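If you read the sequences in order, they're chains A and B.
Take the first sequence: its letter number 141 is residue 147 in my numbering, and every next letter is one higher.
Take the second sequence: its letter number 1 is residue 95 in my numbering, and every next letter is one higher.
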Amino acid sequence: MEIIIIIVSLITASLISVLAKRRGIIEFFSVIASLVALFESCIVISKVLSQGVYSPFILFSVDSLGAIVLLIICIVYFASIVYSIQYLRQETAKNIIGLTRARQYFALLNIFLLAMILAIVANNPIFAWITIEATTLSTAFLISFYNKPSAMEAAWKYLIINSTGLLLGFFGTLLYFTALQGKPIFATWDILFSNALLLDPIIAKIAFIFVLIGYGTKVGFAPMHTWLPDAHSKAPAPVSALLSGVLLNVAFITILRFKFITDAAVGVEFAQKLLIIFGLLSIIIASFIIFTQKNYKRLLAYSSIENMGIVALGFGFGGLGVLAAILHMIYHAFAKSALFLSAGNIFLKYGSTKIINIKGVLKTIPATGVLFLIGFFAIIGMPPFGIFLTKLFIFSAGIASHPIITITVIILMAILFIGFLKHISVMFFGEKPADMIKEKENIWLVAPPTVLLALILFLSFYQPHFLQELINNVILKYEF
Amino acid sequence: MDTSLLQFLSGIIFLSILFQHLTKKNFSAVIAYGIQSLAIAIMLFDSFLKTNDNSLLCIFLIVLIVKVILAPTFFIKLIQKHKLTFSASTVLNVSLTLICLGTLTAVAHSQKFLPLTNIVPEHHSFLSLSFAAIFISLFLIINRKGALSQTLGILSLENCIVAFSIFAGLEQFPALQIGIIVNIAIWILIATIFISMIYKHFGTLDITSIKSLKD
């Protein structure tokens, strides 16, 4: 029932966005829908905790991993919706967009959330694939939202690369179906898993490679990452926050579900090796490209590629790395979303995403400046933020079995830190341009990233019992 | 279905993608796509006749209406509207393209993929050919510079996956059928909206001329 309520509320909010004439009504219903989603996701979590797997209908099933990601999605979405209201109002005041575009924005954003939630709760791999494809479609229009040539190009690149990737993912999914006896009407993840031993090992390996390349494109693994910096830099800031903070996790979860089946067919080493390869490649590319970046939103996008690489390494190393990878996913989602929302404030003030045009942020918009710096320290893994510990755990999990890779990654982290800091110091600590005046920042543009950063700080020191239990269940269920 | 007819249809699918690689005219590439989709539709109809599965009849009708009739008509109208008689050139020249196509076809037929192409042993050669077609349609997306050609490449890739699933006996899974329908719907929507938007913004569909992101 909870999932149906979420679906109905989001569809209603989308319809109201299309039909309503007054901006206030659209904003109100979008906030209500996001609150309903957040509230219902908490109920779903309580049911997952009591039942193990919550499956109200054959179509939907939420396990502990799904519950964690569902909560992340709803929290980041609520923050993004609250932020979007003021962000779009300011853009309207500057004649960047009109009411029609704002209506399209909220309609598409609600559909985007719906597609992500359905991808997480889908009990069938094809249904999950369809909903992930739906996220591509809704976000393509959000990436091209500003209707500029560069945004259009980024959206086209996103569509072509992701659709090709997802078709390969679809092909990989098909190959898993070759193990099924009979033709079940609704082949669930569990049915695929229970038939995994019947899967030819070579087919299982080929299928996982296709799935990893396919959904890995959506995660932003190198070398399929090329769409990500363009899309994230051209989309409106709250959309970038959702793309980077949650969509990447949704695609990653799908890969993990297929890994679960593949492990049963061919053992854990095969998928682990592939995750390590893709993870390492992503970190290498992000570390070196970050140096040459001229756009601060692209900088954050490359940081997402690096962080997804770290998560892949965690799952690839196994053991303690898995626990750290799950926590890293959570911390990264909140920190990166906060960074993109802060980047939105910088864009509103300076009207540019080019690093060269941004100087003296701490003097012009000090609250945003401080938030961005805190986000930067959080994402780079400075203590006391949780990412410091997750990286440490992942490296300690890898140092015994893969010492060369682990040491290489540690060196790359140092390079990445220098590259990131080089750009940040130019933007934040210089003198502000003479014509740029200090203005009081709008509370609704500062509060959402503040809440997200407060959350990551809180979770860095204390993990609530329910979260610990969910993470333990994930580790137990997936038997990494 | 008669093996010789299956052979003919799988050959049509493979050759149509080869043709899409070599043709310089958008119109011919669209016609090749239409013929390729017709081959898929015939295979689906045959599967329906064998199984009496009504959902397969539904898929057949959708493929026939959307992929064989509506999509090519839409693309031809787009070509006429924007005077896109000639497709943009390829990234690699014809000789290199042919070498790549040969290599990809050989790789698909290699021993490494034998378990994959032996899912249904009696369809081994068809599965090998449709697997090779998947590779070369993927290469079509990479090698072509035109947005229209890239769209045709993705739609061809989808056709090849459907062909593979039919030869592997997977087409009767309802979930897969829904997946095929959704993908058709999404790509027709993308093609109708985005290609026109790209042309409106850039005055061309040659993606190498679109360099707004290099800022």
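From the three backbone atoms N, C-alpha and C, an ideal C-beta is built for every residue, glycine too.
Predicted model only: the values in this text are computed from it and were never measured.
Residue-level contact by beta carbon holds for B:N277 and chain A, with a gap shorter than 8 Å.
Your pair A:N130 and B:A269 checks out as a contact, with CB atoms roughly 6 Å apart and the cut at 8 Å. Taking the Cα positions, A:Q474 is about 10 Å away from A:V480. Interface residue (Cβ-Cβ distance to chain B less than 8 Å): A:W162 is classified as such. For the stretch 133-165 of chain A, the residues whose beta carbon sits under 9 Å from a beta carbon of chain B are, in order, F133, W135, I136, E139, A140, T142, L143, A146, F147, S150, N153, K154, P155, S156, A157, M158, E159, A160, A161, W162, K163 and L165.
Neighbours of A:L173 in chain B, taken as residues whose beta carbon is under 8 Å from its own, are I248, L251, E252, I255 and N277 in chain order. Within chain A, the C-beta atoms nearer than 7 Å to that of B:G273 come from I132, W135, I136 and F176, in chain order.
For A:I197, the closest alpha carbon among the candidates A:C48, A:Y468 and A:F264 is that of A:F264. C-alpha of A:S20 to C-alpha of A:T142: approximately 17 Å in a straight line.
DSSP links A:Y60 through a beta bridge to A:V68. Leaving aside the five residues that flank A:I291 on each side, the residues in its chain whose CB is nearer than 6 Å to its CB run, in chain order, A228. Distance from the CA of A:K240 to the CA of A:A160, rounded to the nearest whole angstrom, comes to 7 Å. Considering only A:L326, A:A331, A:A339 and A:L281, the residue with the shortest C-alpha distance to A:A307 is A:A339. Under the Cβ distance rule, A:L180 counts among the residues neighbouring chain B, one pair being separated by less than 8 Å. For the pair B:I230 and B:L100, the CB atoms are not nearer than the 8 Å cut-off. Looking only at A:I91, A:L44 and A:T179, the smallest Cα-Cα distance to A:A73 is reached by A:L44.
For the C-beta of B:S259, the chain A residues within less than 9 Å are, from N- to C-terminus, F177, L180 and F183.
The C-beta distance from A:F118 to A:T145 rounds to 6 Å, short enough to meet the 8 Å contact threshold.
B:S110: member of the alpha helix (DSSP H) spanning T97 to L116, first to last residue. Judged by DSSP in its simplified three-state form, A:K163 adopts helix. Cβ-Cβ distances below 6 Å link A:F216 to L174, F177 and G178 in the same chain, with the five nearest sequence neighbours on each side left out; the list follows chain order.
Neighbours of A:I64 across chain B, judged by C-beta separation under 9 Å, do not exist; the nearest C-beta is about 12 Å away. Taking 8 Å as the upper bound for CB-CB distance, B:Q114 and B:L198 are not in contact here, some 14 Å apart. Nearest in C-alpha terms to B:I275, of all of B:F261, B:L249, B:H295 and B:G297, is B:L249. Here B:T245 carries a helix assignment [DSSP, helix/strand/coil]. By the C-beta density criterion, A:Y337 is buried, having at least 16 other C-beta atoms within 10 angstroms. Residue environment: B:R238 is assigned as buried (16 or more neighbouring CB atoms within 10 Å of its CB, all protein chains considered).
Pairing A:L248 with A:S15 gives a Cβ-Cβ distance that is not under 8 Å. Going by beta carbons, B:G273 and A:I136 fall inside the 8 Å limit.
As the crow flies, the alpha-carbon of B:Y127 is around 14 Å from that of B:G105. Contact annotation, A:A202 with A:A270: C-beta distance approximately 4 Å; criterion of less than 8 Å satisfied. Taking 8 Å as the upper bound for CB-CB distance, B:L116 and B:I260 are not in contact here, some 26 Å apart. Check the Cα spacing between B:V188 and each of B:P209, B:S243 and B:K118: the tightest is with B:K118.
Non-local C-beta neighbours of B:I213 in its own chain, meaning closer than 6 Å and more than five positions away in sequence, comprise A262, ordered along the chain.
For the pair of segments examined, the stretch 75-93 of chain A was found not to touch the stretch 429-437 of chain A: the number of CB pairs separated by less than 8 Å stays below three. Listed in chain order, the non-local C-beta contacts of A:A318 below 6 Å within the same chain comprise L281, F284 and G285, local neighbours out to five positions each way being set aside.
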